[in-house]
Structure formats: C-alpha cells, structure tokens
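Student: Those letters in the sequence shown? Residues 1 to 374, by full-length UniProt numbering.
Note that CB positions come from ideal geometry on N, CA and C, so glycine has one too.
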Amino acid sequence: MALLSLEKVSVAYDNHLILENFDLELAQGQLLSLLGPSGCGKTTTLRLIAGFLDAQGGKFMFDGRDYTRLPVSKRNFGFVFQNYALFPHLSVYDNVAFGLRLRKQKEAEVKQKVLRMLEIVNLNGFEKRFPQELSGGQRQRVAIARALVIEPDLLLFDEPLSNLDANLRVTMRVEIRRLQQELGMTAVYVSHDQEECFSISDNVAIMNAGRIEQLGAPSDIYQYPKSEYVARFIGFNNFLEFSGVRQGHQGPEWTAGEYGFAVNLQPGQSTSESYKGAIRPDDLYLSSGSLQSGMNINGQTSDLSTTATAHAELASNYVPGTIRVSTYLGRSYQYEVETPLGHFTVNQEMDRPLAPGQQVQVHFPADKIVMVSR
C-alpha cells in the first residue's frame, strides 16, 4: 500500500489548469523525484502535497488519512526551500531548534535533538555561527537539519541545490542520498536537473504539461524512455523517422527513406506499431572507407569480414554522410553530420579528428536504438 497517494487531482491558477486528473503514488522509505522543465507542474505538485495549495478536485491520501483539506499546520512534513529560508538573526542552533520550540518541546529535549541532527549533517561545532558566516553548502545543510529535526513523516525538497556551484551540488546530492538512506526517510524531490535526480532517487517521474510522461527507476528511464518527449529530455537528440518494416539480412528491418535498420524491440513492442528510433550522440559512431574491405573506426582500420553477423548489421544500420561541423569537447569530438535522413550529432573519441567536408558513414548499433512512441 502506498504511503502517499494523489488520486485524480486537479489544480488551477486564475482559471488556468496546471494539473488535471493527476495521479501519483509513493511508498514509505522511498525518494521520488519530480523532473521536468519550467512550467511542467512539478513545483505545483510539491506545494499541493505541502498544503500550500488547495486542489480543485481529486483526493490526497497520506498514511491512510485524507489530507486533501488538512491545513499545513496539521501536516508533519518538512520542507527544504531553494533559497534556504534561514532566519539571519538566529544562530545555527536556534534555526534548527525553531520547529521543535514551536511544538513546545522541553529545552533539554530540544538540545539533545538539535545537537544530534547537527552531527548527522556534519555541522557539529557550528552551533553559535550565523547564516551569513556559512558557505552555501553549510546553509543548505542547516536547512536540511531544521527540516529533519522535527522527525517529519515526509520531507519535501524544492530545487534545494540550484543556488550552489557545480562542484558543491555534486557533494550535496551525495549528502542528501546518504541521509535519506541512513534515516530511511520518505521524500519528494523537485528539480529540472536530470543528473541530480537520477543520482539520488529510487524513482523518477518525468513531467510534461501537468502530467507524468514516465515513472520508474532512474536506470529504466535512462535506458528505455517510452516517448519522444522523455527521450529528448534525457539526452536522446538523434531520431530516425521510421516509415515501415521490411525483411533484411538477419530478420525484420525498420525503414527510414531507402535505408534499413535492425532494431532490438523491448518487451511489449511489435512491428505492427509506429515508432521513432532514438539514439544518443555517444552511441553513434563514424567510419570512412569501404564497408566490404576494412573500415577506419576511431582512427584505426578494422576488418569486419570475419564477423558475418556484425557485417550484416553494419551493412544495413548505416547511412552515408558529410561532416559539417567538428567541435572539440576534451575527451572526444562532436560532429554534426548531414545525411539523406537529416542531421545527426555524433560524439566520438579519436586520435585524428575528421574535417568538415569529409565523407563518412554514420553507424546505428541495433542494441543502441530505442523505439519510442511518436
């Protein structure tokens, strides 16, 4: 049974519907991330759960109770804000103790809980400092400690790392994941950063225009996006426009223009459905030279004649192209390649870069093409 459940929830601002018949479930002890671009409804969902917004329809159930109209003060939820929301005139100790004192807890109990929580977030010894004396990461840890010290039933994160620099964001997301697993807390996390969400979450909900496009484990979404929207959002920016199926060297081939592509379908997919083929820039590769003899791949010649299956796949899963743009990325080069099927972006490590105007073949490994709904 789910700890948290939103059932057919609708939320509107100024007669503009943000969420409509929205469903979401979260199990106890899990961290769920709501991921999507600005305006997709993720922050609205978080604020609805927190009690800052009222639903115009539907039901919010939590731990078997109806929370739909329950005021914020009656929900034992912790909230970590994007801008920390610390009281500048209060010390670290008093900021963390604030929620406990609102609950009229005895000062001896407050002290015990605050010091323990500061130790958990690695801020022991910082009790007497003030927010302006702390780094961004330290302030965020104070905010997390303040949210956790009240022993919330649910912890809500509203883009908590967006104000931190890149290196500190990596450190803090590891810290959040450590705390979540160590304390077994249930949490909802909002962000527009894919890497951030994937690194800390048990499940991720990709949102688009007030609805969930796909919900699942980060690895499942990363490897098997179900729709073109999800694929584009998580880094698939090459797409094959398939128009039909024909018999190829090793079985059915999907056709795009005059070219055929062997594809590994996922369970539940069939050749009778209409799909696009999505593939990441890192999963394409380029070659030059004859397919029948040897090919120059990554700056080295490879003779594929000894591997009939590989040769058959390559003979179908490629299109000719011309390098239009070459960009150095450090570990690899990025190429914009013009082909009869459109432009494709390819990231490839090689000793000698390819030059604009050079003729190449763009190869699409069958196991790297992901079929997504249109």
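(1) Give the secondary structure of Q112 by DSSP, where H, G and I count as helix, E and B as strand, and everything else as coil.
(2) Out of A256, E133 and D63, point me to the one whose CA is closest to T339's CA.
(3) Pull up the DSSP beta-bridge partners for H192, would you.
(4) In terms of alpha-carbon separation, which member of M1, Y259, F87 and N347 lies closest to G330?
(5) In three-state terms, what does DSSP make of D282?
(6) Would you call the region 117-124 and the region 154-161 touching, i.e. three or more CB-CB distances under 8 Å?
(7) Could you spell out the range, first to last residue, of the alpha helix (DSSP H) harbouring T45?
(8) Does DSSP put residue 401 in a helix, in a strand, or in coil?
(9) Would you mind reading off the limits of the alpha helix (DSSP H) that contains F233?
(10) With burial defined as no fewer than 16 other Cβ atoms inside 10 Å of the residue's Cβ, what is the status of Q30: buried or exposed?
(11) What's the call for A108, buried or exposed, on a 16-neighbour Cβ count within 10 Å?
(12) Would you call the CB atoms of L286 and V362 closer than 9 Å?
(13) Between G277 and S316, which are expected to be in contact by the criterion C-beta below 8 Å, what is the C-beta distance as a whole number of angstroms?
(14) In its own chain, which residues sit with a C-beta less than 7 Å from the C-beta of P152, not counting the 5 before and 5 after it?
(15) For a minimum of 4 consecutive residues, which ranges assigned as the alpha helix (DSSP H) are wholly contained in the region 138-211?
(16) Could you pull the DSSP bridge partners for Y335 from this structure?
(17) Give the single residue among Q359, V337, S373 and A50 whose Cα lies nearest to the Cα of S274.
Tutor: Let me lay it out:
(1) Under the three-state reduction of DSSP output, Q112 falls in the helix class.
(2) It is A256 whose Cα lies nearest to the Cα of T339.
(3) H192 is not bridged to any residue.
(4) Of M1, Y259, F87 and N347, the residue nearest in Cα terms is N347.
(5) In this structure, D282 counts as helix in the three-state DSSP scheme.
(6) Put simply, the region 117-124 does not touch the region 154-161. Fewer than three CB pairs are less than 8 Å apart.
(7) From DSSP, the alpha helix (DSSP H) with T45 extends over K42 to A50.
(8) Here the chain covers residues 1 to 374 and nothing more, so residue 401 does not appear.
(9) Unbroken alpha helix (DSSP H) run through F233: E228 to F233.
(10) Flag for Q30 reads buried.
(11) So A108 counts as exposed.
(12) Yes, the Cβ-Cβ distance between L286 and V362 is below 9 Å.
(13) 13 Å between Cβ atoms; not a contact.
(14) The residues are N76, F77 and G78.
(15) Counting only runs of 4+ residues, the alpha helix (DSSP H) found wholly inside the region 138-211 occupies 166-183 and 194-200, in chain order.
(16) S326 and V346.
(17) Considering only Q359, V337, S373 and A50, the residue with the shortest C-alpha distance to S274 is S373.
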